[in-house]
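For any residue, its number in the numbering used here is found by taking its place in the sequence shown, counting from 1, and adding 48.
Backbone N, C-alpha and C define an ideal beta-carbon position, used for all residues, glycine too.
Remember, it's a predicted structure, so these values are computed and weren't measured experimentally.
Reading through the structure tokens given below for one structure.
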Amino acid sequence: MGPRRVFSGIQPTGDFHVGSYVGALRNWVALQDQFDETIYCVVDLHAMTVPYDPADLRARRHESARMLLAVGVDPDRSLLYYQSEVPQHVELAWILGTLAGLGQLERMTQFKEKADRAKQNLGIFAYPVLQAADILVHKAHAVPVGDDQSQHLELTRDLAHRFNSRFGEEFPLPETITPEIGSRIMSLTDPTAKMSKSDPSPRSRILLKDGPDEISKKVKAAVTDTGSDVVYDWEAKPGVSNLLELFSVFTGRPIPELVDEYSVGGYGVFKGAVADAIVEGLAPVREAYDALDDAEVTEVMARGAGTARDRAETSMKTVRERVGIV
């Protein structure tokens, strides 16, 4: 067996929040120690499926790359690049698109959610096929995904299986990697909704670039629940449970231990401790971010794109031979 390879991509949203850090980026860094190869991509082509401003997209993808480096994605250990600079992604997406059923794509949750906002363009409909190509062009063995992306990985597996059955064994069927804690961080203002940059309230999320005072204000203003008991119960106390998840992630302490320590004393003491833990945990990220300059980020991404193109082209040579277009 060859090297075990993991792939993941992230949209260039610009300002990342702790939900994306805990649910994705923090795990990307850890996976560098768990797999032989880690490949990470800023998926700027996917960002074009909804209305956008070109100048804003350029700025957001650069900002995203800078933050990925700041959180600990090491370009000497991981392949990091912009999706649009590796055209083989799109080429493979077209080939896989000839194997994808319309009914299956119509049932995709994200298509149903985004179709109206995106004016039902072809890009949003074909989004999951391009996502499958992102993964399969590198023949990845595993993909870290949240609950909301599991359906897309199933499509990727289906398309890989269909290709292998029709044209010969080419792609591994990628496995799912889901973190046990922190895979779905919720909004600070509505703990029944996922933390998101699209939420109109800036108090709903903690940005990775927020300073200590801003983090403290947001945590202390976070919606909790009736009573004052600190209990881990998503049905009865979703607000407290969300803060406990964050507390556990940023301290490395198990939730039952935190519940025992903060079960009495009220929400004020508890929230203060949560805020302190997040401030301390994000300090190295902010310091690393400030230490990077634009030229360094640009050079890293250009180098990564060159390597990614070479590797993707090696994969596509055999794909083209199998499908008969060489």
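Shortest alpha-carbon distance to residue i belongs to which of the options?
i, options, result
"H65", "F219, D258 and L306", "D258"
"Q136", "R359, I373 and R370", "R359"
"V119", "G71, T157 and T146", "G71"
"L201", "V134, R210 and I183", "I183"
"G314", "T274, T299 and G329", "T274"
"E139", "M156, S112 and Q179", "Q179"
"L153", "Q80, L207 and I303", "L207"
"M243", "A353, T97, G67 and E133", "G67"
"A107", "S276, Q59, N75 and N169", "Q59"
"I225", "E347, A241 and N75", "N75"
"V77", "D122, G216, T97 and G300", "D122"
"R334", "V98, D81, A103 and L117", "L117"
"T299", "E218, L105, A321 and G287", "A321"
"K245", "G57, V348, Y69 and F55", "Y69"
"S311", "R351, D277 and G329", "D277"
"R368", "A103, L105, S56 and A141", "A141"
"E218", "P304, M364, V374 and G57", "M364"
"V185", "P99, L294, L105 and F55", "F55"
"A353", "K285, V134, L105 and Y337", "V134"
"P99", "Q168, H110, G57 and R109", "Q168"
Taking the C-alpha atoms as reference points, what is the distance between residue i and residue j?
i, j, result
"T237", "D101", "29 Å"
"S289", "W282", "6 Å"
"A148", "R357", "25 Å"
"I326", "P260", "9 Å"
"D124", "S264", "35 Å"
"I143", "L291", "45 Å"
"T355", "V307", "47 Å"
"A181", "E309", "47 Å"
"E174", "G145", "The question names Glu, but residue 174 in the sequence shown is Ala. Going by the C-alpha atoms only, they are around 8 Å apart."
"D342", "L73", "20 Å"
"T240", "F83", "34 Å"
"T366", "L93", "24 Å"
"E223", "V191", "6 Å"
"R1", "V317", "Outside the displayed span of the chain (49 to 374) sits residue 1, for which this structure offers no information."
"G287", "V348", "40 Å"
"D247", "L170", "26 Å"
"Y280", "D324", "20 Å"
"L79", "R351", "21 Å"
"S198", "G372", "32 Å"
"D81", "A95", "29 Å"
"G151", "A103", "35 Å"
"A284", "P304", "16 Å"
"L105", "E328", "31 Å"
"D338", "R109", "17 Å"
"E262", "L330", "12 Å"
"E293", "G57", "24 Å"
In the DSSP assignment, what are the bridge partners of residue i?
i, result
"F55", "I87"
"A398", "Only positions 49 to 374 of the chain appear in the structure, and residue 398 is not among them; the question remains open."
"Y130", "V90"
"D375", "The structure shown does not extend to residue 375, since the chain is modelled only from 49 to 374, so the question has no answer here."
"L255", "H65"
"M234", "K242"
Residues in its own chain within less than 6 Å of residue i by CB, not counting five upstream and five downstream?
i, result
"K268", "K319"
"R114", "L340 and V345"
"L255", "D63 and H65"
"E85", "P51 and R53"
"R253", "H65 and M243"
"S112", "P60 and V90"
"S249", "T237"
"G216", "R370"
"T97", "A166, G171, I172 and Y175"
"V193", "L201 and T224"
"P332", "none"
Just to confirm, does residue i get its C-beta within under 8 Å of one of the non-hydrogen atoms of the ligand GDP?
i, result
"H110", "Absent from the structure shown: the ligand GDP. Ligands present: none."
Closer than 8 Å by C-beta to residue i: which residues in its own chain qualify, once you throw out the five before and the five after it? Chain order, please.
i, result
"P302", "S296"
"E361", "Q136"
To which residues of the same chain is residue i closer than 7 Å at the C-beta, ignoring the five residues directly before and after it?
i, result
"P176", "L153, M156, H200 and L203"
"R398", "This structure gives no information on residue 398, because the portion of the chain shown stretches from 49 to 374."
"T272", "G287, V288 and Y315"
"P220", "K187 and H189"
"A336", "A118"
Using 9 Å as the limit for Cβ to Cβ distance, is residue i near chain C?
i, result
"H209", "Here there is only one protein chain, and chain C is not present."
**OP:** Report yes or no: do the stretch 78-96 and the stretch 114-133 share at least 3 C-beta pairs separated by less than 8 Å?
**Re:** yes
Original post:
Is there contact here, the stretch 207-219 with the stretch 232-250, by at least three beta-carbon pairs under 8 Å?
Top reply: no
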